[in-house]
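Undergrad: This is the structure I want to talk about, given as structure tokens.
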Amino acid sequence: MNSVGEACTDMKREYDQCFSRWFAEKFLKGDCSGDPCTDLFKRYQQCVQKAIKEKEIPIEGLEFMGHGKEKPESSS
Amino acid sequence: MRVWSSEHVFGHPWDTVIKAAMRKYPNPMNPSVVGVDVLERSVDSRGRLHSHRLLSTEWGLPGLVRAILGTSRTLTYIREHSIVDPVGKKMELCSTNITLTNWVSVSERLVYTPHPEDPGRTVLTQEAVITVKGISLGSYLESLMANTISSNAKKVLIAWGGWLPPADHTHTWPPP
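Order-wise, the sequence lines are chains F and W. When the letters of the first sequence are read in order and numbered with UniProt numbering, they come out as residues 1 to 76. When the letters of the second sequence are read in order and numbered with UniProt numbering, they come out as residues 1 to 176.
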């Protein structure tokens, strides 16, 4: 699956692989510690944010660079 | 307004289905997704993983529909929020289109939970609400889009058989 920004696809895939490993081997087993993907996510996000602006995609209400723990609980 | 709903049972436990769903685009109602990006991801104080994603999708609408709508554009952007609760074993996704909003609103909700009688199986319930706005033939277009979702879901769930064989499948369609 590609990124909305063509230039971001390689970074996206690298991040996705890191996330999938963490998700399956840590998160689903109850271990939320030591997210190893934060740096990859930041690089990927910088690219995506630029692509979203260039394509004028109407995204509102999100803070980019958001990849962390203990955010306020959201309603489902 | 049209509401479409469906229930599908996978012959695998919840963890297995969720891992596979997160690797692929997890919405079988829309196989025309051409791009996916994560915009934000975090774990809340209850240990649930929240993800906000941007999806680009090519709606497989017939040329006649596009002619009625007066648009040659087919690329649509969708915003999705998902929540994975690894302790309660529930994954929920809610999505809505953020472009073409002047003429259509498509909101979808998917929930993956363990089968209540068999932890070796997983239930997926899907629901879509479609509203076409402000033009004549709106009711016809809503039916067309709902039927597109329904036939797309069947095709994708058949394709998913390659990695997760379905065990049971029912569709419900409220009468017009």
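Note that beta-carbon positions come from the ideal geometry of N, C-alpha and C, so glycine has one too. Keep in mind it's a predicted model, so treat the numbers as computed, not measured.
For a contact meaning CB atoms closer than 9 Å, what does K50 (chain F) contact in chain W?
TA: As a working note, residue 50 (chain F) is residue 50 in the first sequence. Result: empty, since nearest Cβ-Cβ is about 12 Å, beyond 9 Å.
Undergrad: Taking the alpha carbon of V36 (chain W) as the reference point, which residue from W:H52, W:V43, W:S45 has its own alpha carbon closest?
TA: The residue given as residue 36 (chain W) occupies position 36 in the second sequence. Minimum Cα distance to V36 (chain W) is reached at W:H52.
Undergrad: Going along chain F, which residues have a C-beta under 8 Å from G35 (chain W)?
TA: Taking the first residue of the second sequence as 1, we reach residue 35 (chain W) at position 35. What G35 (chain W) touches in chain F: M1, N2, S3, V4.
Undergrad: Out of W:S32, W:V33, W:P13, which has the shortest C-alpha to C-alpha gap to L28 (chain F)?
TA: Start at 1 with the first residue of the first sequence, and residue 28 (chain F) comes out as number 28. Of the candidates W:S32, W:V33, W:P13, the one whose C-alpha sits nearest the C-alpha of L28 (chain F) is W:P13.
Undergrad: Using only CA atoms, which one of W:T122, W:H115, W:S107, W:P116 lies nearest to V132 (chain W)?
TA: Within the second sequence, the letter at position 132 stands for residue 132 (chain W). Here the closest residue by C-alpha is W:S107.
Undergrad: What is the DSSP secondary structure of M22 (chain W), reduced to helix, strand or coil?
TA: Position 22 of the second sequence, counted from the start, is the residue given in the question as residue 22 (chain W). Helix at M22 (chain W).
Undergrad: If we ignore side chains and look at the alpha-carbon of each, how far apart do V48 (chain F) and V4 (chain F) end up?
TA: Counted from its first residue, the first sequence places residue 48 (chain F) at position 48. Counted from its first residue, the first sequence places residue 4 (chain F) at position 4. Cα to Cα, V48 (chain F) sits roughly 7 Å from V4 (chain F).
Undergrad: Strictly under 8 Å for the Cβ-Cβ distance: is C18 (chain F) near chain W by that measure?
TA: Taking the first sequence and counting its residues from 1, the one referred to as residue 18 (chain F) is at position 18. Cβ-Cβ to chain W under 8 Å: no for C18 (chain F).
Undergrad: Show which residues of chain W have a CB atom less than 9 Å away from the CB atom of L28 (chain F).
TA: As a position in the first sequence, residue 28 (chain F) is number 28, starting the count at 1. Chain W residues near L28 (chain F): D15, I18, K19, V84, P86.
Undergrad: How would you list, in chain order, the residues of chain W whose beta-carbon sits under 8 Å from the beta-carbon of P58 (chain F)?
TA: For the purposes of this step, residue 58 (chain F) is taken as the residue at position 58 of the first sequence. Residues of chain W passing the Cβ test: Y77, I98, T99.
Undergrad: Contact criterion: CB-CB distance below 8 Å. Does V43 (chain W) meet it with respect to chain F?
TA: By 1-based counting over the second sequence, the position of residue 43 (chain W) is 43. Closer than 8 Å to some Cβ of chain F, the Cβ of V43 (chain W) qualifies, so yes.
Undergrad: Please list, in chain order, the chain F residues whose beta carbon lies closer than 9 Å to that of R121 (chain W).
TA: The residue you call residue 121 (chain W) lines up with position 121 of the second sequence. Result: empty, since nearest Cβ-Cβ is about 17 Å, beyond 9 Å.
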